[in-house]
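**Student:** Numbering (the numbering used here), first residue to last: 6 to 265.
C-beta: ideal position from N, C-alpha, C; glycine also.
I'd like to ask you about the structure that follows.
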């Protein structure tokens, strides 16, 4: 499906509001964040109240077009988990731009696209960077005037760093929460997410296929562009599953020792 500006307008539709006052409309001041502690257009998905704006709807459609069903469901869960983490913490409710968190979570694994000649992946970038670049292009093409350079950069950072928690967890709140929401699928419950809410979300978006999807994708990337997998979390998949995968001379320690 090709997403156009006209479709963006059609997708705006009608939304409900969190009680309080008028919603943020499509003509918010440039760069103004959407905060959870103020009224915002919303919808309920799997029992979780989340932001519902044209760009968030487009992000859902865009990620579906570039993802397997397993990966699409993972990105939906990451969005919902992150929203619950924000809702459970007063500082985050008062600080996190929930539209940034939504777009970042929904698009964070665009770099997993294994379609031949994919328009969102490359041979010379880590999958996280592929996703960040594709997301920036998505916002440049479909985002409205509220998406200034700062908001767009936060999406880029949240996606590029989502697997590098030793950095992401010390960045802006949007970057932190994006990574934390994603991690729930792999590491288990966090504050704001109990067994009941986890079960409700995984009933709506089952996670029984995530292990295979992760294994297949990481193995594919290690075979497809091994140079982008040395010295990061994908390396073990290459060593275990890809014939001829060889880190000898390709690790950072090798480069440093060679040049010193």
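Contact between the segment 124 to 144 and the segment 233 to 241 is defined here as three or more beta-carbon pairs at a separation below 8 Å; is this criterion met?
**Tutor:** Touching, yes, given that three or more Cβ pairs across the two stretches are closer than 8 Å.
**Student:** Span of the beta strand (DSSP E) holding residue 53?
**Tutor:** Unbroken beta strand (DSSP E) run through residue 53: 53 to 56.
**Student:** Exposed or buried, what is residue 171 when buried is set at 16 or more other beta-carbons lying within 10 Å of its beta-carbon?
**Tutor:** By the 10 Å Cβ count, residue 171 comes out exposed.
**Student:** Indicate whether the contact test is met: 3 or more Cβ pairs, each with one atom in the segment 172 to 188 and one in the segment 39 to 47, closer than 8 Å.
**Tutor:** Short answer: they don't touch.
**Student:** Taking buried to mean at least 16 other C-beta atoms within 10 Å of its own C-beta, is residue 146 buried or exposed?
**Tutor:** With fewer than 16 other Cβ atoms within 10 Å, it is exposed.
**Student:** What do you get for residue 217, buried or exposed, if any count of 16 or more other CB atoms within 10 angstroms of its CB means buried?
**Tutor:** Residue 217 should be labelled exposed.
**Student:** Here's the rule I'm using: 16 or more other beta-carbon atoms within 10 Å means buried, otherwise exposed. How should residue 140 be labelled?
**Tutor:** It counts as buried.
**Student:** Applying the criterion that 16 or more other CB atoms from any shown protein chain within 10 Å of the CB defines a buried residue, is residue 264 buried or exposed?
**Tutor:** Its Cβ having fewer than 16 others within 10 Å, residue 264 is exposed.
**Student:** Counting only the same chain and skipping the five closest in sequence on each side, list residues whose C-beta sits under 7 Å from that of residue 180.
**Tutor:** 159, 162, 163, 166 and 173, listed in sequence order.
**Student:** Looking at the unbroken beta strand (DSSP E) that takes in residue 49, where does it start and where does it end?
**Tutor:** Unbroken beta strand (DSSP E) run through residue 49: 46 to 50.
**Student:** Cα separation between residue 249 and residue 227?
**Tutor:** Their backbone Cα atoms lie some 11 Å apart in a straight line.
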